Amino acid sequence: MTVQQVLDQLRATPLRLREVTSGVPPELLRTPPGPDEWSANDVLAHLRACSDRWGEAATRIVEEDRPRIRGSEPRIWITKTDYPDLEFGPSLRAFARQRKALLAVLDPLQPEDWQRTGTLVGAGRPVDLSAHTYAERLARHERPHIKQIARTVAAVSG
């Protein structure tokens, strides 16, 4: 993805989530569409955990000189948060605030800033990853989850 595509997607995610869940009763947002499936609330909790880890990595790369970034699996990180227990509305507002803060870091970057790197450690061999890599990972990851929430809402709304 180009830098502009990444920024556009990151900017759009909170808006799209608000769009696809607008008017849906809170209890339906906590209802999974089937056994072993995630509710809309579960998906949002997952998106927040990913944004915590990958957004923090992109921010550190921009703000620090070649930081060492400890590998962290968002599915493990989520167990250290209260995200799955929160109501959808307040959780989405917190996600939107977090996204606004990330965009405040990313929007003013010059092209060379996107190529700054940090070293990912603790997940196999150390590897250098750029701010663009982390931001793009986040943007690409969110697109299918927005569609998942839309499908989930449709399924539980009957």
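The numbering used here numbers the first residue of the sequence shown as 384 and each following residue consecutively. Glycine included, every Cβ here is placed at the ideal spot set by N, Cα and C. All figures in this text were calculated on a predicted structure; none of them were measured in a lab.
From the listed residues 508, 442 and 459, the smallest Cα separation to residue 519 is found for 442. Taking one beta carbon from each stretch, the region 417–433 and the region 519–536 have 3 or more pairs nearer than 8 Å; the two touch.
If you compare the alpha carbons of 451, 498 and 387 with that of residue 516, the shortest gap goes to 498. Restricted to the region 402–461, the alpha helix (DSSP H) segments that are unbroken, complete and at least 4 residues in length are 409–412, 423–433, 439–446 and 457–460, listed in chain order. Using a Cβ distance threshold of 8 Å, residue 514 and residue 392 do not count as a contacting pair. The three-state secondary structure of residue 472, taken from DSSP, is helix. When rounded, the separation of the alpha-carbon atoms in residue 384 and residue 527 is 15 Å. Between the region 498–510 and the region 446–455 there are three or more C-beta pairs closer than 8 Å, enough to call the two in contact. Excluding the 5 residues flanking it on each side, residue 532 has same chain C-beta neighbours closer than 8 Å at 400, 403, 404, 423, 426 and 427, in chain order. A Cβ-Cβ separation of about 7 Å places residue 396 in contact with residue 482 under the 8 Å criterion. The beta carbon of residue 472 is closer than 8 Å to those of 409 in its chain, skipping five residues each way along the sequence. In this structure, DSSP gives residue 535 a helical state, which the three-state scheme calls helix.
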